[in-house]
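Everything below concerns the one structure shown next.
In this note's numbering, the protein residues as written are 23 to 225.
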């Protein structure tokens, strides 16, 4: 898939005020320091589309981008560590879960996992929750350029093994790097294939 146009559309915390649910939508989420914004920029080939920061927790809203005037990419606040109050984190968690369970045109959640680390409980718990809600998701392992391919493969295998305790079938995964653009084409290909079968819930 070629990205000819990628534009910021809106930021919100109110699910009832999101863009019309007439296009396929894909949400990106992960721990606050997983490199989400950088990967979104790499996938869309737009350096400053999603705002990056050295401080975890920069994204605090549901950020909608429209791609090729055909589908929505959504940058969600990271879960886990962020330099903010417990009250703010609780508020984020509430509207994120409301968004994920109520957004009719949401086709898939891309869950970003840092490939440098062994399975983290917070990531596994979030995947379990998605499974309980019946929300389709895909695993994107990030920062492949930061360590060896062997180590990445080992950590991915451990994560998938941990998910098999709960899941009959573990969701697909892609190893990615925002620096080298590894996996970006695969992500776009996955989205393109889903888009081909999308039927608007408003039709």
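Think of the CB as a built atom: it goes at the ideal place given N, C-alpha and C, for glycine as much as any other residue.
Residue range 143-155 is occupied by the alpha helix (DSSP H) that includes residue 154. As the crow flies, the alpha-carbon of residue 164 is around 26 Å from that of residue 125. Going by beta carbons, residue 53 and residue 101 fall inside the 8 Å limit. Here residue 51 really is in contact with residue 134; their C-beta atoms are around 7 Å apart, less than 8 Å. By the C-beta density criterion, residue 70 is exposed, having fewer than 16 other C-beta atoms within 10 angstroms. Here residue 118 carries a helix assignment [DSSP, helix/strand/coil]. Short of 8 Å from the beta carbon of residue 83, and not among the five residues preceding or following it, lie these beta carbons of its own chain, in chain order: 33, 34, 35, 99.
Each residue's CA atom was taken as its position, placing residue 211 and residue 131 some 15 Å apart.
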